[in-house]
Amino acid sequence: MMDPETFFGPARRLRLTPEEKAKTMAFLRNHVRKVPVERQYEQMNAHGHSFAASQKMAQDLHLTPQERADARAVLRSWMAAHPVREHVSLIDRLFAFTHHPAMSAAVFLIAIVAGGGGLAYAAENTAPGDTLYAIKRAVNERFMRRMLSPDEWEARALERRMQEDALLARRGAPRQSRRLLVQEVKEHRTALVALRQQAQEKRRLARINAVIAQAETFERELADDDDATLIAARGVGDAAAPMTTMTAQQSASPDVGRSASAGNSTAVESALRAVSTSSAAATATGSAITSSSSSVSKPKIPLKIIPPGPPRPMGRFE
Numbered sequence: 013m014m015d016p017e018t019f020f021g022p023a024r025r026l027r028l029t030p031e032e033k034a035k036t037m038a039f040l041r042n043h044v045r046k047v048p049v050e051r052q053y054e055q056m057n058a059h060g061h062s063f064a065a066s067q068k069m070a071q072d073l074h075l076t077p078q079e080r081a082d083a084r085a086v087l088r089s090w091m092a093a094h095p096v097r098e099h100v101s102l103i104d105r106l107f108a109f110t111h112h113p114a115m116s117a118a119v120f121l122i123a124i125v126a127g128g129g130g131l132a133y134a135a136e137n138t139a140p141g142d143t144l145y146a147i148k149r150a151v152n153e154r155f156m157r158r159m160l161s162p163d164e165w166e167a168r169a170l171e172r173r174m175q176e177d178a179l180l181a182r183r184g185a186p187r188q189s190r191r192l193l194v195q196e197v198k199e200h201r202t203a204l205v206a207l208r209q210q211a212q213e214k215r216r217l218a219r220i221n222a223v224i225a226q227a228e229t230f231e232r233e234l235a236d237d238d239d240a241t242l243i244a245a246r247g248v249g250d251a252a253a254p255m256t257t258m259t260a261q262q263s264a265s266p267d268v269g270r271s272a273s274a275g276n277s278t279a280v281e282s283a284l285r286a287v288s289t290s291s292a293a294a295t296a297t298g299s300a301i302t303s304s305s306s307s308v309s310k311p312k313i314p315l316k317i318i319p320p321g322p323p324r325p326m327g328r329f330e
């Protein structure tokens, strides 16, 4: 590897005009903004520069007094052009480095430690719809994903989604509001099954198999609940089917119903007329019998008239 003094010796003897310096700085800034940090490391490694070697080069490099003065002047000029805002929210400071994954993870960790862990701990027992659930997903789990191995992260995420679904079920949340969690459970289980083939340690393999078994039981219970709901819905539909069929038949053939009703009405009227005729005949027969009985002559018995006797004198009784 080239010695730093040998590398920077010709560059120190080179003097650039202010315009050339401005163009060089603009090129470097544009390159840093467009090329990700990981890509810059790859380019350095491709040219034979490792991170350790670059760090060693930076430690062995010593600037001249003029170079230090120039660097200090550039820094002061940049600070004057970009003054610090008086009012900066905590959220802006936290998410100012989210474009750099390693920096954002460090900032999140510092925020959790500085806050005493209370906010992160409170967010652990949340479910979709809660106020702190965004912190659980964006802060806690983002940090966990970077600290854990891929298979352990998928196992943890799978367990956490199933716990959240159980929490929503205890709260009485409808199945429709939990469909995204169920979908995430299936996705994490699929990823964990794929990672199981790469697990070599028995302990990790046992851990993966246990979590996959829990997920399969979870999905099977959901399927059983769906089948029970479908059977109940079909039972209600079968019970209502005969009434619907009768109503449909009546509405489809109204003339038949009206003709049947008309026939029944005619039969009733005929029966009533027959009864009325029979009653009238019976009345006429009774009248004829009465008149015939009154016309039969009966023997007359003569009345015997007894004349009154002489008056008896009033006296005492003997």
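Heads up, the working numbering is the position in the sequence shown plus 12, with the first residue counted as 1. Here a beta-carbon is modelled for each residue, glycine too, at the ideal position from N, C-alpha and C.
Judged by their CB atoms, A139 and L180 are nearer to each other than the 8 Å cut-off. The beta carbon of Q210 is closer than 8 Å to those of D163 in its chain, skipping five residues each way along the sequence. Between the alpha carbons of A206 and I224 lies a gap of roughly 11 Å. 8 Å or more divides the Cβ of L204 from the Cβ of L234.
For the 8 Å CB-CB criterion, R168 and M156 form a contact. Taking the Cα of R216 as reference, the smallest distance to any Cα among V86, A81, W165 and V197 is reached at W165.
Taking a contact as a CB-CB distance under 8 Å, the pair V194 and A227 does not count as one, their CB atoms being some 11 Å apart.
A direct Cα-Cα distance of roughly 13 Å separates D236 from R187. The distance from the Cβ of R208 to that of I220 is about 5 Å, consistent with a contact at the 8 Å cut-off. In the structure shown, A139 falls within a coil segment according to DSSP collapsed to helix, strand and coil. The Cβ neighbour count for K148, taken over all protein chains shown within 10 Å, is at least 16; the residue is labelled buried. Rounded to whole angstroms, D142 and Q212 show a C-alpha spacing of 39 Å.
Annotation for E176: A139, P140 and L193 place their beta carbon closer than 7 Å to its own, counting only its chain and skipping 5 residues before and after. Its chain contains no residue whose beta carbon lies nearer than 7 Å to that of S161 once the 5 sequence neighbours on both sides are disregarded.
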